[in-house]
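Structure record follows, encoded as structure tokens.
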Amino acid sequence: EAAVTQSPRNKVAVTGGKVTLSCNQTNNHNNMYWYRQDTGHGLRLIHYSYGAGSTEKGDIPDGYKASRPSQENFSLILELATPSQTSVYFCASGGTGGAGNTLYFGEGSRLIVV
Amino acid sequence: AQSVTQPDARVTVSEGASLQLRCKYSYSATPYLFWYVQYPRQGLQLLLKYYSGDPVVQGVNGFEAEFSKSNSSFHLRKASVHWSDSAVYFCAVSGNNNNAPRFGAGTKLTVKP
Chain A
301 EAAVTQSPRN KVAVTGGKVT LSCNQTNNHN NMYWYRQDTG HGLRLIHYSY
351 GAGSTEKGDI PDGYKASRPS QENFSLILEL ATPSQTSVYF CASGGTGGAG
401 NTLYFGEGSR LIVV
Chain B
2 AQSVTQPDAR VTVSEGASLQ LRCKYSYSAT PYLFWYVQYP RQGLQLLLKY
52 YSGDPVVQGV NGFEAEFSKS NSSFHLRKAS VHWSDSAVYF CAVSGNNNNA
102 PRFGAGTKLT VKP
């Protein structure tokens with residue numbers, strides 16, 4: 301069954317540490333996205349990708365890097381984690397363009413930075 | 002870039018009552034519009050989507066939404082809600098140039114027995 305899988309599902313990190321959130325999709329979609337979800341803000345776009353080797357900045361990219369080494373995998377990297385990055389992070393995959401761009405979400409990665 | 006406003010952070014209705022969740026979008030070209038639902042501790046799932054044609058689009062579980070170009074709106078409706086509809090509902094907009102979807106802040110729906 302096609303799916304989007306995120307790991308880890310839960311993580312506690314220390315301030316200044318490096319955190320990598322991983323995402324794998326079996327939908328064979330070109331597009332992949334990272335959002336964070338915070339109360340009052342909904343889902344905010346961090347980075348996205350149109351295919352292997354490509355990454356694009358979203359609306360709130362500061363403090364985050366992204367990597368898309370293959371069609372299936374898309375990682376979000378926090379080089380120097382800060383408490384303000386405590387959040388729930390969602391990865392999604394989607395087809396190319398417009399109404400075909402229905403997103404399929406993972407179950408989220410809950411990150412706490414202490 | 003496009004944006005979405007969901008003016009109601011929380012909505013509470015009684016089981017069996019009708020429901021409307023509001024969504025206003027901002028986008029300079031023809032929008033693609035979506036409603037997603039999020040159950041506790043889960044990712045989002047698509048309820049319905051709209052691009053063209055009949056402005057009223059049907060979705061899963063009896064939900065429908067109506068597109069209004071003049072009002073820049075895409076409100077979600079259901080004639081009779083069930084307790085299992087309690088969840089967070091997100092409206093999203095994207096365009097036909099492969100731009101990334103943007104989401105509203107969400108509306109938390111509570112259905113009282």
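Chain order of the listed sequences is A and B. Residue numbers for the first sequence follow my numbering, so the first one is 301 and each next one is one higher. Residue numbers for the second sequence follow my numbering, so the first one is 2 and each next one is one higher. We treat Cβ as the ideally placed atom computed from N, Cα and C, and that holds for glycine. Computed from a predicted model, the values in this text were never measured in an experiment.
Check the Cβ-Cβ distances between residue i and every residue of chain B, and say whether any is below 8 Å.
i	result
tyrosine 348(A)	yes
threonine 345(A)	The residue asked about is misnamed: residue 345(A) is leucine in this sequence, not threonine. Yes, leucine 345(A) lies at the interface with chain B (some Cβ there is under 8 Å from its Cβ).
leucine 321(A)	no
tyrosine 364(A)	no
glycine 408(A)	yes
threonine 396(A)	yes
asparagine 324(A)	no
phenylalanine 390(A)	yes
threonine 402(A)	yes
glycine 358(A)	yes
What residue range does the beta strand (DSSP E) around residue i cover?
i	result
isoleucine 360(A)	Element bounds for isoleucine 360(A): n/a, residue is neither H nor E.
threonine 6(B)	4 to 6
tryptophan 36(B)	33 to 39
aspartate 338(A)	331 to 338
lysine 65(B)	Checking the sequence shown, residue 65(B) turns out to be glutamate, not lysine. Element bounds for glutamate 65(B): 65 to 69.
asparagine 310(A)	310 to 313
Got a sec: is the Cβ-Cβ distance from residue i to anything in chain A below 8 Å?
i	result
lysine 113(B)	no
lysine 25(B)	no
glutamine 3(B)	no
proline 8(B)	no
glycine 60(B)	no
serine 73(B)	no
phenylalanine 104(B)	yes
lysine 70(B)	no
Rounded to the nearest angstrom, what separates residue i and residue j at their Cα positions?
i	j	result
asparagine 310(A)	serine 375(A)	15 Å
threonine 355(A)	tyrosine 348(A)	6 Å
glycine 17(B)	leucine 380(A)	50 Å
arginine 42(B)	glycine 406(A)	11 Å
lysine 1(B)	leucine 47(B)	No answer is possible for residue 1(B): the residues shown for chain B start at 2 and end at 114.
alanine 75(B)	leucine 34(B)	Note that residue 75(B) is phenylalanine in the sequence shown, not alanine. Cα to Cα, the separation comes out at about 7 Å.
valine 396(A)	valine 319(A)	One detail in the question is off: residue 396(A) reads as threonine in this sequence, not valine. When rounded, the distance between both Cα atoms is 29 Å.
cysteine 92(B)	alanine 366(A)	25 Å
threonine 339(A)	alanine 2(B)	22 Å
serine 326(A)	methionine 332(A)	The residue you asked about is not serine; residue 326(A) is threonine in the sequence shown. Between threonine 326(A) and methionine 332(A), the C-alpha separation is close to 12 Å.
phenylalanine 390(A)	glycine 54(B)	31 Å
aspartate 86(B)	lysine 109(B)	10 Å
lysine 113(B)	valine 312(A)	35 Å
alanine 303(A)	cysteine 323(A)	10 Å
asparagine 373(A)	serine 15(B)	43 Å
valine 388(A)	isoleucine 377(A)	14 Å
Would residue i pass as a contact of residue j if the rule is Cβ separation under 8 Å?
i	j	result
glycine 96(B)	proline 56(B)	no
leucine 345(A)	serine 409(A)	no
proline 369(A)	valine 413(A)	no
valine 5(B)	phenylalanine 68(B)	no
valine 89(B)	glutamine 39(B)	yes
threonine 386(A)	glycine 394(A)	no
leucine 49(B)	glutamine 59(B)	yes
histidine 341(A)	alanine 106(B)	yes
leucine 22(B)	aspartate 9(B)	yes
glutamine 371(A)	alanine 392(A)	no
Taking residue i as the query, report the chain E residues whose CB atoms sit under 7 Å from its CB, ordered along the chain.
i	result
phenylalanine 405(A)	No chain E appears in the structure shown, which is made up of the protein chains A and B.
Under 8 Å, CB to CB, which of the residues in the region 327 to 341 of chain A have a partner in chain B? Asn331, Tyr333, Tyr335, Gly340, His341
Residues of the region 14 to 45 of chain B with Cβ closer than 8 Å to any Cβ of chain A, in chain order: Tyr33, Phe35, Tyr37, Arg42, Gln43, Gly44, Leu45
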